[in-house]
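Chemist: So the protein sequences, as listed, match chains B and H.
Using the working numbering, the letters of the first sequence correspond one by one to residues 4 to 185.
Using the working numbering, the letters of the second sequence correspond one by one to residues 4 to 185.
Yeah, the Cβ is synthetic: ideal placement off N, Cα and C, and Gly gets one too.
Sharing a structure, written as structure tokens. Questions coming.
2 protein chains.
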Amino acid sequence: MDIFMNYLKGVELKITKIKKIEIQSDNLEKIVRFATEWILENTNFRKPFFVEDAGLFINALKGFPGPYSHYVYKTIGINGILKLMNNVTDRSALFQSIIAFWDGNKITTFKGQINGNISLEPRGTFGFGFDPIFIPQNATKTFAEMTIQEKNLHSHRAKSAKKLVKYIAKNLFSLESTDPTS
Amino acid sequence: MDIFMNYLKGVELKITKIKKIEIQSDNLEKIVRFATEWILENTNFRKPFFVEDAGLFINALKGFPGPYSHYVYKTIGINGILKLMNNVTDRSALFQSIIAFWDGNKITTFKGQINGNISLEPRGTFGFGFDPIFIPQNATKTFAEMTIQEKNLHSHRAKSAKKLVKYIAKNLFSLESTDPTS
């Protein structure tokens, strides 16, 4: 989230430890929206905040692991995904990131998405999760072979974060005309 | 749930369509407990009710698919599980069912569990979900090769339901001494 620091100089970004409820759903937007509503209904937290969730959706596996990517990573892991993709021709997949942002008045969601393919073997040591087996479109490296700067040119999370920054600039700081992130 | 009809003759069992929240958790008990609390906090429903959830936990896959069994069944399915278990020696697994019951005063949970093994190929047409690849201990058939009566001798869900019936008989009807389900 360096993008906040570089652009919205007046904004302080903090990670807050509050209880979060993650529901089971095929739909990341429903998950982050429910989590945001739950915090508003069940805590006294009222500063602007956002909740982000992301997932890897593999077409040949009907979207699996999707919203359960973290659990799947912890259990069957990268090797499990590669085993499931063994002899599968269609290796297309996408990473999606959804942010739900409470601006003090209402909740708005922002989506970032990147299409790509599942590699034949894990490559690279940067990043986390399924980064070593995801090659974004128009790239030859996996996410785990990219520096954070390179990854930000492609990544789903960079895209959703840019939309959030743009929204904050426009709606909370009236910075529309000088927005460099679009 | 024939067991209700056969034993607790005064009790009427109905399936109720109310919004249910299923959280993401490795722990089925947390999932059904949260769902029950959420219904009490967010609806006017106050009759005694229960919520049940179940999952297949495969040891060699670190408990996968666990609480996400339904989603995993819908996406990678039985063939996906068998592919993940290809060349895996330890085929041990367990089915778990947890019931959270609101008796009008408090929530109590009941656990049913059956150990078994993942078969080498799907067998049988009864039941649902992963029944065709689960062979309970002390059996040679998969759940999907068993009639409902046979399956009830083994199944996790029959075990949790029996505990619930016993609890209702004892606490709501004072039927302790004549309980035939223990």
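1. Report yes if the CB atom of N174 of chain B is closer than 8 Å to the CB atom of D106 of chain B, and no otherwise.
2. If we require 4 or more residues per run, which alpha helix (DSSP H) segments fall completely within the stretch 98-150 of chain B?
3. Going by DSSP in three states, G66 of chain B sits in which element: helix, strand or coil?
4. How would you call Q140 of chain B, buried or exposed, if buried means at least 16 neighbouring beta carbons within 10 angstroms?
5. Use the C-beta contact count for S185 of chain B: other C-beta atoms within 10 angstroms, 16 or more gives buried, fewer gives exposed.
6. Let me know if N89 of chain B comes out buried or exposed under the rule of 16 or more other beta-carbons within 10 Å of its beta-carbon.
7. Can you tell which of H:E32, H:K23, H:E15 has the C-alpha that lies nearest to the C-alpha of T112 of chain H?
8. Distance cutoff 8 Å, beta carbons only. Does T2 of chain H sit that close to anything in chain B?
9. With a cut-off of 8 Å, does the C-beta of Y170 of chain H fall near any C-beta of chain B?
10. Is any heavy atom in the ligand FAD found nearer than 7 Å to the beta carbon of G69 of chain B?
11. Measure the beta-carbon distance from L167 of chain B to L87 of chain H and round it to whole angstroms, keeping in mind my assumption that it falls under 8 Å.
12. For G58 of chain H, collect the residues of the same chain with a Cβ closer than 8 Å to its Cβ; drop the 5 residues on either side in sequence, then sort them by chain order.
13. Are I102 of chain H and F133 of chain H touching if we call contact CB-CB under 8 Å?
14. Quick one: grab the DSSP three-state call for G13 of chain B.
15. At what residues does the beta strand (DSSP E) containing F60 of chain H begin and finish?
16. Can a CB atom of chain H be found closer than 8 Å to the CB of L31 of chain B?
Modeler: Walking through what the data contain:
1. Their beta carbons are under 8 Å apart, which means N174 of chain B touches D106 of chain B by this criterion.
2. Complete alpha helix (DSSP H) runs here, min 4: none at all.
3. In the structure shown, G66 of chain B sits in coil (DSSP, three-state: anything other than H, G, I, E or B).
4. Sixteen is the threshold: since fewer than 16 other Cβ atoms of the shown chains lie within 10 Å of the Cβ of Q140 of chain B, the residue is exposed.
5. For S185 of chain B, the predicted structure reports a pLDDT of 46, less than 50, and the residue's modelled location is therefore unreliable. The matter cannot be settled from this model.
6. So N89 of chain B counts as exposed.
7. Check the Cα spacing between T112 of chain H and each of H:E32, H:K23, H:E15: the tightest is with H:E32.
8. This structure does not reach residue 2 of chain H, given that chain H is present from 4 up to 185, and the question cannot be answered.
9. Under the 8 Å criterion on CB atoms, Y170 of chain H is classed as non-interfacial with respect to chain B.
10. Although the ligand FAD was asked about, the structure shown includes no ligands whatsoever.
11. Not a contact, Cβ separation roughly 37 Å.
12. Closer than 8 Å at Cβ, skipping near neighbours: L31, P68, G69, P70, Y71, S72, F98, Q99.
13. No, these two residues do not count as a Cβ contact at 8 Å.
14. G13 of chain B: coil per DSSP, three-state reduction.
15. Boundaries of the beta strand (DSSP E) harbouring F60 of chain H: 52-61, taken from the DSSP string.
16. L31 of chain B does not count as touching chain H.
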